[in-house]
Structures are given as C-alpha cells and as structure tokens.
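Protein chains in written order, with the numbering used here: chain A, 6 to 329; chain B, 83 to 345; chain C, 3 to 263. Below: one structure, written as structure tokens.
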Amino acid sequence: MSIIEVNHLKKYYRVHKKTEGFKGSIMSVFNRKYYDVKAVNDVSFQIEEGELVGFIGPNGAGKTTTLKCLSGLLYPSEGKVSVLGYTPNERKHEYLKKIALVMGQKNQLWWDLPAIESFNLNKILYEVPESHYKKTLGELVELLNVQDTLNIQVRKLSLGQRMKCELIAALIHSPKVLFLDEPTIGLDVVMQQNLRQFIKGYNRKYKATIILTSHYMQDVEELCKRVIVINNGLILYDGPLEDIIKKYATHKLVSVIFHAHVSKEKLAELGEVKEYNFPKATLSIPLDKSNMVAVKLLQDFPTSDLNIEEENINDIIAEFFKKS
Amino acid sequence: MFSKFKQILSLELQDLNEYKGDLFIYTFTPFILTLVLMVVWLSVLDFSSGNNAEKSYIVSYFFFQLIVARLVGAWHAPYLGEKIRQGDVSKYLLKPASFIWYDIAENIVEKIWKITFSLPLYIIIGYFLRRNLFISWENILPFLVSLIGAMIIYFLIEHLIGLSAFWLSETGAIDSYNEVFFFITSGKLFPLSYVTKLIPLGVINILPYKYMLGFPLDVLLGKTTGQTLWSDFGMQFVWVVGLILLYKVVWSKGLQKYGGYGG
Amino acid sequence: MKKYIRLYYYLFYYSLLSRLEYRMDFIANIIRSLSSILVGFIGFTVIFQNTRYLGGWSKEEALVLFGIFVLINEFWYIFFFLNLIRLPIYIQKGELDGLLLKPVSIQFIVSFRYALVFALPNIFIAIFMIWYFSQVIGQISLMKYVITGLFILNGVVLLYSMTLMLVTISFWTVRLKAFWEFYRAITEGARYPVDIFKGGLKLFFTFVIPIAVIFTFPAQFLVRDLPISTILITFLIGGIFLFLSHKFFYFGLKHYNSASS
Numbered sequence: 006m007s008i009i010e011v012n013h014l015k016k017y018y019r020v021h022k023k024t025e026g027f028k029g030s031i032m033s034v035f036n037r038k039y040y041d042v043k044a045v046n047d048v049s050f051q052i053e054e055g056e057l058v059g060f061i062g063p064n065g066a067g068k069t070t071t072l073k074c075l076s077g078l079l080y081p082s083e084g085k086v087s088v089l090g091y092t093p094n095e096r097k098h099e100y101l102k103k104i105a106l107v108m109g110q111k112n113q114l115w116w117d118l119p120a121i122e123s124f125n126l127n128k129i130l131y132e133v134p135e136s137h138y139k140k141t142l143g144e145l146v147e148l149l150n151v152q153d154t155l156n157i158q159v160r161k162l163s164l165g166q167r168m169k170c171e172l173i174a175a176l177i178h179s180p181k182v183l184f185l186d187e188p189t190i191g192l193d194v195v196m197q198q199n200l201r202q203f204i205k206g207y208n209r210k211y212k213a214t215i216i217l218t219s220h221y222m223q224d225v226e227e228l229c230k231r232v233i234v235i236n237n238g239l240i241l242y243d244g245p246l247e248d249i250i251k252k253y254a255t256h257k258l259v260s261v262i263f264h265a266h267v268s269k270e271k272l273a274e275l276g277e278v279k280e281y282n283f284p285k286a287t288l289s290i291p292l293d294k295s296n297m298v299a300v301k302l303l304q305d306f307p308t309s310d311l312n313i314e315e316e317n318i319n320d321i322i323a324e325f326f327k328k329s
Numbered sequence: 083m084f085s086k087f088k089q090i091l092s093l094e095l096q097d098l099n100e101y102k103g104d105l106f107i108y109t110f111t112p113f114i115l116t117l118v119l120m121v122v123w124l125s126v127l128d129f130s131s132g133n134n135a136e137k138s139y140i141v142s143y144f145f146f147q148l149i150v151a152r153l154v155g156a157w158h159a160p161y162l163g164e165k166i167r168q169g170d171v172s173k174y175l176l177k178p179a180s181f182i183w184y185d186i187a188e189n190i191v192e193k194i195w196k197i198t199f200s201l202p203l204y205i206i207i208g209y210f211l212r213r214n215l216f217i218s219w220e221n222i223l224p225f226l227v228s229l230i231g232a233m234i235i236y237f238l239i240e241h242l243i244g245l246s247a248f249w250l251s252e253t254g255a256i257d258s259y260n261e262v263f264f265f266i267t268s269g270k271l272f273p274l275s276y277v278t279k280l281i282p283l284g285v286i287n288i289l290p291y292k293y294m295l296g297f298p299l300d301v302l303l304g305k306t307t308g309q310t311l312w313s314d315f316g317m318q319f320v321w322v323v324g325l326i327l328l329y330k331v332v333w334s335k336g337l338q339k340y341g342g343y344g345g
Numbered sequence: 003m004k005k006y007i008r009l010y011y012y013l014f015y016y017s018l019l020s021r022l023e024y025r026m027d028f029i030a031n032i033i034r035s036l037s038s039i040l041v042g043f044i045g046f047t048v049i050f051q052n053t054r055y056l057g058g059w060s061k062e063e064a065l066v067l068f069g070i071f072v073l074i075n076e077f078w079y080i081f082f083f084l085n086l087i088r089l090p091i092y093i094q095k096g097e098l099d100g101l102l103l104k105p106v107s108i109q110f111i112v113s114f115r116y117a118l119v120f121a122l123p124n125i126f127i128a129i130f131m132i133w134y135f136s137q138v139i140g141q142i143s144l145m146k147y148v149i150t151g152l153f154i155l156n157g158v159v160l161l162y163s164m165t166l167m168l169v170t171i172s173f174w175t176v177r178l179k180a181f182w183e184f185y186r187a188i189t190e191g192a193r194y195p196v197d198i199f200k201g202g203l204k205l206f207f208t209f210v211i212p213i214a215v216i217f218t219f220p221a222q223f224l225v226r227d228l229p230i231s232t233i234l235i236t237f238l239i240g241g242i243f244l245f246l247s248h249k250f251f252y253f254g255l256k257h258y259n260s261a262s263s
C-alpha cells in the first residue's frame, strides 16, 4: 500500500447565501439559503515513500484544503484518505507523532524563551527518546547552521534565524510525512534558496515523504520531480514535471547579447520581447518558429551570443490553466 | 472646539455601534459591585430589626453612587500612557495647552454616552428602590459644586498617572496603589461614616479620594452639614488647586524630558 | 498519564521562566494581586466593626469564606483563565490548527497551556487565612480540612466546566469578551456568604449562577455545617458538569473540524 492514498476526496463548505437589502436580511432569518462551495471536488492520487511531490495551483484551488484533510484537521465530506495506514481525521496520537504540517509563518516557539526550550517541549509532547532527540537536534542544527542561536531568546533572533528554529521545532520528532504549505512565502530570495536546499537534503537523508504546495515555480522546479496540478478542486495533471514542460510548453526563450545597438521595435518584429536591457534581450518565440528566429538573429542582427532555453515554468503553467 | 467634540462623538458612536451586545454587559456589570455592596451593608444593618432611616441611607448611598461614580469617573490613564510611549505627543510640543482638552472632551463624551445607556437601568432600579430613596433637596447646590470638584480631582489624578509614562515604563504599579487607596478611602466600598477604628479619620480627610466620591454623596444625602461641610469643601478646593498646579508642573517637566529625545 | 504530568511540569516551569524575563512587570503584578486581597480584607474588617454577624456569619467564619473564595478564584485564574479565554483568539488567528496537530489531548492543551504564576502568593495567603481563622473558631479535625480541600477542588472543577462550556460557544460565534466582565462582576458577590441575599436572589445564586455551591458550601462545611445530602449533591454536580463540558467541547471541536477553511 502506498504511504499516502487519496480516493475520491471531496470537501464542501456550507455557506450562507448573502441576500441584499433590508428585506433580504429579514427573509434570511426565516429562510436561510445555503450553497456548497466545493473546495475539493473528487481528487484521487497515491504517493510512495520518499517522494517529494509538488501541489501547484492558483489560490483557492484546493491545495491547502487537501493538505488539511491529509493531516487530519478537516473531515472529508466524501471519499477516503489514508496516510501511513491511518485515517487522518481520527487524529490518533500515534499518527500525529509521525507527521508534520508546516504552514507558512505560523509560529509555535515561545517568544520569551530560548529556542532550545521549545524544542524540549516538543520532545516531551511527541515522546521522542532522549538519545534520538539529541541526534536529530544535532543533525538539524548542522543542516540549518544555527548552532549559536539555540540559547538566545526567540524574540531576539532575526527573521531568518527564527524561521530556521521554527523548522527545527516542527521536525524534531522526525516525521515520516511532511506537509509543507507555502513554506517560502514572505521570505527573501536567499532564505528561499536556503529553505529549498534544506528540504531537498531532508528528503534525501531521512527518506521522508514530502508534499509541498507553493505558487512559486522555483520551489517546484527545484524540488519536485512529480507535480499534481490542481484547480477548482480538481486534479488537472499528475505526473513528472518535465512532461508538463515538454507537453505544454508553447514557447521557447531566446536570449541574446548584442554587440551593437538594436531598437526594441525591430526586435519586436521577430516575437514577444520579454526583456530588453542592452546589451541583453530575451524573446519569447513560439516553438515552431524558434529555430528560424534564432537564425535570423544570428544573420541579420549584431548578435555576439545566443541561447535557447525552455520557457519559464510560470508561463507554462499559466498557459496550462488558461487552456483548462 | 465644538467641531472636535462632534468628531469625537461620531467616533464613539461608531465604536459603540459595533459592540451593541457587549454594551449591555459593560453597562450593567459595574452596577453589580455597587448593588452587592448595598445588599451587604443592608445585611450589616440587619434592617429587619428596625431603623428605617439608616436603611434608607444605605440604599440611597449606593444607588446614587451608581450615578455619581459614572459622573465623576475618568479612566484614560492607560491610553494616555500608551500615547506617550508611542510618541504621539510630539505635535503638542508647540501647543502644549491643547493636549489635555482632547482627553477632557473624550471623557465628557464617554460619560454622556454611558449615562444615556444606563438611564433605563437607573430608572428600573430606582423604581424598585423608590421607597427608600431620598436626597436632601436643600443641599442640591452644594452637591453640584462638590460634583464639579470631584470630577476635576478624579480626572487630574487619572491624567497624572498617565503622565507618569514619561518617566516610568510601566504605569500598572502606580495604578494599583491608586486603586487600593481609592477603594478604601473614597467611600466606594463603604460609606465613610462607617469607618471607625481601622483607618484613621485624619488620613481619609487628607487624601483626595474622599472628595472624589464619598463627599459629594454625603452632601447629596444631607449627611454632611454645617461646620464639616465647610471644612470638607475647603479640603476639596485645596486638592483641586493643588492638582491643577501639580499637573502644570508635571506636564511641562514631561514635555521637557520628551523634547530632549530629539523629538 | 505520566506524560501529562511531565508535560505540565514543563508548561508551568516555562510560564514562570518567560514571565521572569520581565522582572518589573512581574513584581508589579504580584503587588497588584496582593493589594486586591488587602482591599478585600480591609473591607471585611470595616464591615465587622459595624456588626457582629453578616448574613448570620461571624467575622472569623466570613474570613474563612473569603479565604476560600480567594483560593478558588486564584486557582481558576492562575491555571485556567488565561488559557480558556484564548480559545476564541486561537480560532480567529488559526493557531488552533497548530495545537490540533500535536499528539496530545486538545482539551488539555487548551486548558493548561500557560500559568499565571504571579498570582501564586495569593494562594499561600489564602491557605493561611483559611487555616488561621478556622483555628480561631475551634478545633477542626484534619479529616475535615482534607474534605474541604476536596470541596474546594470541586468548586474549581465547577468553575472550569462552566467556563469551558461558555468558551466552547466561540467555535460558533467567536466574541466573548463581555462574559469575562460578567464573571468578574459575579465574583464581587461570591466573596460574601450567600445568606446575605434574601429569597429569590438567594435561589438564583444557588441554582442559576451557583456561586453558593462553588464558594459558600466549602466554607459552610468547614466552619459551620452542611447536610450530607448537600455535600453529595455538590460533588455530583461537579462531576456532571465536568462530563458535560468535556462532551460539549469536543462537539464544538468537531464543528470546527468540519467547517474551518
């Protein structure tokens, strides 16, 4: 059996229909009209141990709701969910000890105490054996490079240090399954990179199964071999990331370096100018025309260097959504 | 000035409108302490064995305490302290005199609101107690004067506590001491005429708290007359003047200290 | 079970540590707590300068009641108050999810997460008051003290259960601030023997808002007397309320688990 099995998961929310005006308010007291918001509308997939899967989709697609169902925070309206052989919403303590859900910047560290005390508290909560705790703590601290921050009050730490300590607190019980909901949101570029490195390293070292939701394509690109694309509560695609790229990429990016000035208008005749910053420029060219444009650039323009790349994932996915 | 009033008035209106449900609770619960005290002191008198005059005094004392306490009250010390700590005082460095008027206006407006909302409760409770309520009509004028004095003293003490934020990082301690003295010597927990040995009368008469609550109440009920009336008025007057002077000194010293921070 | 004891030890210890970080604040709070007892005590002294009996209770008896009142109130305040009123905030800010993911009873965490340690001195003062004034009244057997202790515990349990039920409502509506004002007001009356209230009011405070059951009965048992049937019923009510509030809390939690987004 797979580590994570989701079968026809559906999750609806009852919402009152808001009626306008005074008369509407009175009427709604007697006759409340509801409608169902289908946050997750028949989703099925399976994930094996050690996989690092990306959930991508726009806001409100159902990513967070699915994660909450997987971690046991929400009851499914219909369908079956099984993680590590447990039914998550039963919230068995044995199950909770094996998973972790990290949502954005929610913090659980005690503000006025050194981070190490919060780790200790989690150790007790999760009943982590002392030797195991020491080992995991040492490894995590080294992976994240926070040796000096452990004994300083959390309120005195920088945002980056705090975030790292939050991570350690969330992982000190060595969860086998990790749910990461928008983990890089609100972080600067350097921290995002650090975090991605860490997740990759953690996945490799502990063979932890990780589901990651993000709408930053760099996260997905760098970490996930497999993606599940979700929108309006439905899965649109479930498979290797590179297949999406190959299948749905409609354009190629041609980047050039010129040795003499070229007007933007002239370039625009060839195709969409994505970037124009002399001496560099980047054009987005439809697949079938990219070779021809490249040749044109080399022959008719003062090009000193030329490169053809895959289209930006963001754009590919955006196209994908537009099509569906 | 009046436009400022209207501004504060509309802000308060919006605030109150949002918390209509809470409003009832917030209006009613301060009554409970006073009404409980009334029951306690009636029980002390054990009125069933007679002495209706005393019984009426207790009932009237605590009933009118409900109203008078609302009329004289001020409670802006923590907000003032916050304002000072946040540095919202800078604009007043040039026009220092106007700062306190904002708080005064807010205080008056809040009182009007609170009393208006409490009016139905006053009427209902007053109706139930009507057989034991009385006031001393010939003392109405002195009562009103003492009321004004009480309002000024109460307000200024609150204000001074708030101003202590210029020097102290935590006004909670002073607030607590103030509250303790207030509860014991102002006439809030018990009519001052009932304190016999524990707290020396001299202390009660020297401290300002009596003149914030107990004194106006006893004037209204005709308990304070003749010589005592005059000496008490004198003391109240001394406190009013003294606090105004103290306020001026503290405020200017505070601004000086504040300005010294390169404001 | 052992895990919970250990957990609580650390929760308490950490609450103490983190409050000690703010030394001035801590001391100011201790002083504030102590002064509230002082004011209450002075109030009683003045009362008994003017009468020998309050609602039929003598000075020592009333002070024993006051001590019990403070003890129960402080107990509740220190261990539960801050925690239970946070539930609406946890819900609003989405922090409840983080707690729900912990392999620990959610009722436990919500009820015991922090401890308001600066009010601890009051507990010792209250215990001293109870012991001292009850000794003045007469010889009281150790057994009676023990049972009174159980009574007090029962009172705390009752208070806890009622508060938990009230706070559980915030799973549906989320605004409860006013009720705390209300509770504070009620406690103004709870420090006095319930016998000062006559007739209908007395019934109200015995059955509707049971301050009599929570506060007066333990004192009555210790220094006056209480019929055995009343004693048994009191403990029964405590148990029932505890059970009901527990069920209600998890009922509310289920609603939250189906509805939150």
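Each residue gets a CB set at the ideal place from its N, CA and C atoms; glycine is no exception.
Problem set entry | Unbroken beta strand (DSSP E) run spanning histidine 256 (chain A), endpoints | Taking the first residue of the first sequence as 1, we reach residue 256 (chain A) at position 251. Unbroken beta strand (DSSP E) run through histidine 256 (chain A): 256-263.
Problem set entry | Cβ of tyrosine 259 (chain B) within 9 Å of any chain C Cβ | To locate residue 259 (chain B), count along the second sequence from 1; it is residue 177. It does: the Cβ of tyrosine 259 (chain B) has a partner Cβ on chain C nearer than 9 Å.
Exercise. What residues are listed by DSSP as bridge partners for phenylalanine 184 (chain A)?
Worked result: Indexing the first sequence from 1 puts residue 184 (chain A) at position 179. Residue pairing for phenylalanine 184 (chain A): DSSP places it in a beta bridge opposite A:Leu106, A:Ile216.
For this session: Note the first and the last residue of the continuous alpha helix (DSSP H) segment covering glutamine 51 (chain A).
Result: For the purposes of this step, residue 51 (chain A) is identified with residue 46 of the first sequence, where counting begins at 1. Per DSSP, glutamine 51 (chain A) belongs to no alpha helix (DSSP H); it is in the beta strand (DSSP E), 39-52.
Problem set entry | Euclidean distance between Cα positions of threonine 141 (chain A) and histidine 178 (chain A) | The residue labelled residue 141 (chain A) in the question sits at position 136 within the first sequence. The residue labelled residue 178 (chain A) in the question sits at position 173 within the first sequence. Between threonine 141 (chain A) and histidine 178 (chain A), the C-alpha separation is close to 8 Å.
Exercise. Using a beta-carbon distance cut-off of less than 9 Å, what residues from the segment 114-126 of chain A approach chain C?
Worked result: Residues passing the 9 Å Cβ filter: Trp115, Trp116, Asp117, Leu118, Glu122, Ser123, Asn125, Leu126.
Exercise. Whose C-alpha, out of B:Tyr236, B:Trp195, B:Thr253, B:Ile194, is nearest the C-alpha of glycine 296 (chain B)?
Worked result: On the second sequence, residue 296 (chain B) is found 214 positions in, with the first residue counted as 1. Each of B:Tyr236, B:Trp195, B:Thr253, B:Ile194 was checked against the Cα of glycine 296 (chain B), and the nearest Cα belongs to B:Tyr236.
Exercise. Are the C-beta of glutamate 247 (chain A) and some C-beta of chain C separated by less than 9 Å?
Worked result: Stepping through the first sequence from its first residue, residue 247 (chain A) is reached at position 242. Chain C, which has no Cβ nearer than 9 Å to the Cβ of glutamate 247 (chain A), makes this no.
For this session: Consider the C-beta atom of tryptophan 116 (chain A) and the heavy atoms of the ligand COA; say whether any pair is separated by less than 8 Å.
Result: What this structure holds is no ligand at all, so the ligand COA is not there to describe.
Exercise. Rounded to the nearest angstrom, how far is the Cβ of histidine 13 (chain A) from that of glycine 67 (chain A), given a contact under 8 Å?
Worked result: Position 8 of the first sequence, counted from the first residue, corresponds to residue 13 (chain A). Position 62 of the first sequence, counted from the first residue, corresponds to residue 67 (chain A). With 8 Å as the limit, histidine 13 (chain A) and glycine 67 (chain A) do not qualify as a contact, their Cβ atoms being about 14 Å apart.
For this session: Would you please verify whether the beta carbon of asparagine 259 (chain C) is less than 9 Å from any beta carbon of chain E?
Result: This model lacks chain E altogether; the protein chains it does include are A, B and C.
For this session: Identify the continuous alpha helix (DSSP H) that holds isoleucine 111 (chain C) and give its terminal residues.
Result: Here residue 111 (chain C) is taken as the residue at index 109 of the third sequence, counted from 1. Note, isoleucine 111 (chain C): alpha helix (DSSP H), 108-114.
For this session: Indicate the three-state DSSP secondary structure (helix, strand or coil) for leucine 148 (chain B) in the structure shown.
Result: On the second sequence, residue 148 (chain B) is found 66 positions in, with the first residue counted as 1. Looking at leucine 148 (chain B) - three-state DSSP - the assignment turns out to be helix.
Problem set entry | Endpoints, the alpha helix (DSSP H) within which phenylalanine 223 (chain C) is located | One-based indexing of the third sequence puts residue 223 (chain C) at position 221. 219-225 is the extent of the alpha helix (DSSP H) around phenylalanine 223 (chain C).
For this session: Kindly give me the distance between the Cβ atoms of serine 268 (chain B) and lysine 292 (chain B), rounded to whole angstroms, as I take these residues to be in contact under 8 Å.
Result: Taking the second sequence and counting its residues from 1, one reaches residue 268 (chain B) at position 186. Taking the second sequence and counting its residues from 1, one reaches residue 292 (chain B) at position 210. Indeed, because the Cβ distance is near 6 Å, the residues count as touching under 8 Å.
Exercise. What does a CB cutoff of less than 8 Å around phenylalanine 263 (chain B) pick up in its chain, not counting 5 residues either side in sequence?
Worked result: Here residue 263 (chain B) corresponds to residue number 181 of the second sequence, with the count starting at 1. These residues qualify, in order along the chain: Leu289, Tyr291.
For this session: Determine the direct distance from the alpha carbon of arginine 115 (chain C) to that of leucine 166 (chain C), and round the result to whole angstroms.
Result: Translated into the one-based positions of the third sequence, residue 166 (chain C) becomes position 164. Translated into the one-based positions of the third sequence, residue 115 (chain C) becomes position 113. Distance between the alpha carbons of leucine 166 (chain C) and arginine 115 (chain C) is about 14 Å.
For this session: Please determine, among A:Val298, A:Met168, A:Tyr131, the residue with the shortest C-alpha to C-alpha distance to serine 289 (chain A).
Result: Taking the first residue of the first sequence as 1, we reach residue 289 (chain A) at position 284. Distance from the Cα of serine 289 (chain A) is smallest, within the candidate group A:Val298, A:Met168, A:Tyr131, for A:Val298.
Problem set entry | Through-space distance from valine 332 (chain B) to valine 141 (chain B), alpha-carbon basis | As a first step, residue 141 (chain B) is located in the second sequence; it is residue number 59 there, counting from the start. As a first step, residue 332 (chain B) is located in the second sequence; it is residue number 250 there, counting from the start. Their backbone Cα atoms lie some 40 Å apart in a straight line.
For this session: Output yes if chain A places a C-beta closer than 9 Å to the C-beta of leucine 19 (chain C); else output no.
Result: Locating residue 19 (chain C) in the third sequence gives position 17, where the first residue counts as 1. It does: the Cβ of leucine 19 (chain C) has a partner Cβ on chain A nearer than 9 Å.
For this session: With DSSP as the reference, please indicate the residues paired to threonine 342 (chain A) in a beta bridge.
Result: The requested residue 342 (chain A) does not occur in the structure, where chain A is confined to residues 6 to 329.
Exercise. Is valine 210 (chain C) close to chain B, meaning its C-beta is less than 9 Å from at least one C-beta of that chain?
Worked result: To locate residue 210 (chain C), count along the third sequence from 1; it is residue 208. False, the Cβ-Cβ gap to chain B never drops below 9 Å.
Exercise. Comparing the C-beta of methionine 108 (chain A) with each C-beta of chain C, is any distance below 9 Å?
Worked result: Counting from 1 along the first sequence, the entry for residue 108 (chain A) is found at position 103. Methionine 108 (chain A) counts as touching chain C.
Exercise. Shorter than 9 Å from the beta carbon of tyrosine 4 (chain A) to some beta carbon of chain C?
Worked result: The first residue shown for chain A is 6 and the last is 329, placing residue 4 (chain A) beyond what the model contains.
Exercise. Nearest-angstrom Cα distance between glycine 276 (chain A) and valine 42 (chain A)?
Worked result: The residue labelled residue 276 (chain A) in the question sits at position 271 within the first sequence. The residue labelled residue 42 (chain A) in the question sits at position 37 within the first sequence. Computed Cα separation, rounded: 42 Å.
Problem set entry | Pairwise C-alpha distance: glycine 58 (chain C) and tyrosine 259 (chain B) | Walking along the second sequence from the start, residue 259 (chain B) turns up at place 177. Walking along the third sequence from the start, residue 58 (chain C) turns up at place 56. So the two alpha carbons sit approximately 33 Å from each other.
Exercise. Considering only residues of the same chain and omitting the five flanking positions on each side of glycine 344 (chain B), which have a CB-CB separation below 8 Å?
Worked result: For this step, residue 344 (chain B) is matched to residue 262 along the second sequence. For glycine 344 (chain B), the pLDDT reaches just 46, beneath the cut-off of 50, and the residue's location in the model is therefore unreliable, although a value from the coordinates is still provided. Nothing meets the Cβ criterion.
For this session: Flag this pair as yes or no: are the beta carbons of phenylalanine 263 (chain A) and serine 309 (chain A) separated by less than 9 Å?
Result: In the first sequence, residue 263 (chain A) corresponds to position 258, counting from 1. In the first sequence, residue 309 (chain A) corresponds to position 304, counting from 1. Yes, they are a contact pair.
Exercise. Opposite tryptophan 59 (chain C) in the DSSP bridges: which residues?
Worked result: Residue 59 (chain C) sits at position 57 when you count from the first residue of the third sequence. For tryptophan 59 (chain C), which the question treats as bridged, DSSP gives the partners C:Leu56.
Exercise. What are the residues of the segment 9-38 of chain C that lie near chain B, defined by any Cβ-Cβ distance shorter than 7 Å?
Worked result: Met26, Asp27, Ala30, Ile33, Arg34, Ser37
For this session: Find the residues of chain C that neighbour aspartate 300 (chain B), judging by a C-beta separation of less than 7 Å, and give them in chain order.
Result: Against the second sequence, residue 300 (chain B) aligns to sequence position 218. The premise fails here: aspartate 300 (chain B) is roughly 16 Å from chain C at the closest Cβ pair, so nothing lies under 7 Å.
Problem set entry | Minimum C-alpha distance to methionine 196 (chain A) - residue among A:Leu228, A:Leu149, A:Gln158, A:Val182 | If you number the first sequence from 1, residue 196 (chain A) lands on position 191. With distances taken between Cα atoms, methionine 196 (chain A) lies closest to A:Leu149.
Exercise. So leucine 118 (chain C) is in the alpha helix (DSSP H); what residue range does that whole segment cover?
Worked result: Here residue 118 (chain C) corresponds to residue number 116 of the third sequence, with the count starting at 1. Counting along the chain, leucine 118 (chain C) falls outside any alpha helix (DSSP H), and DSSP gives it neither H nor E.
Exercise. By how many angstroms is the C-alpha of glutamate 252 (chain B) removed from the C-alpha of aspartate 27 (chain C)?
Worked result: As a position in the third sequence, residue 27 (chain C) is number 25, starting the count at 1. As a position in the second sequence, residue 252 (chain B) is number 170, starting the count at 1. In a straight line, the C-alpha of aspartate 27 (chain C) is about 7 Å away from that of glutamate 252 (chain B).
Problem set entry | Member of B:Ser275, B:Pro298, B:Thr307 whose CA lies at the smallest distance from the CA of asparagine 52 (chain C) | On the third sequence, position 50 is the one that residue 52 (chain C) refers to. Of the listed residues, the one whose Cα sits closest to asparagine 52 (chain C) is B:Ser275.
For this session: Name the residue from B:Tyr329, B:Asn221, B:Asn214, B:Ile266 whose alpha carbon lies nearest to the alpha carbon of tyrosine 143 (chain B).
Result: As a first step, residue 143 (chain B) is located in the second sequence; it is residue number 61 there, counting from the start. Comparing Cα positions, the closest option is B:Asn214.
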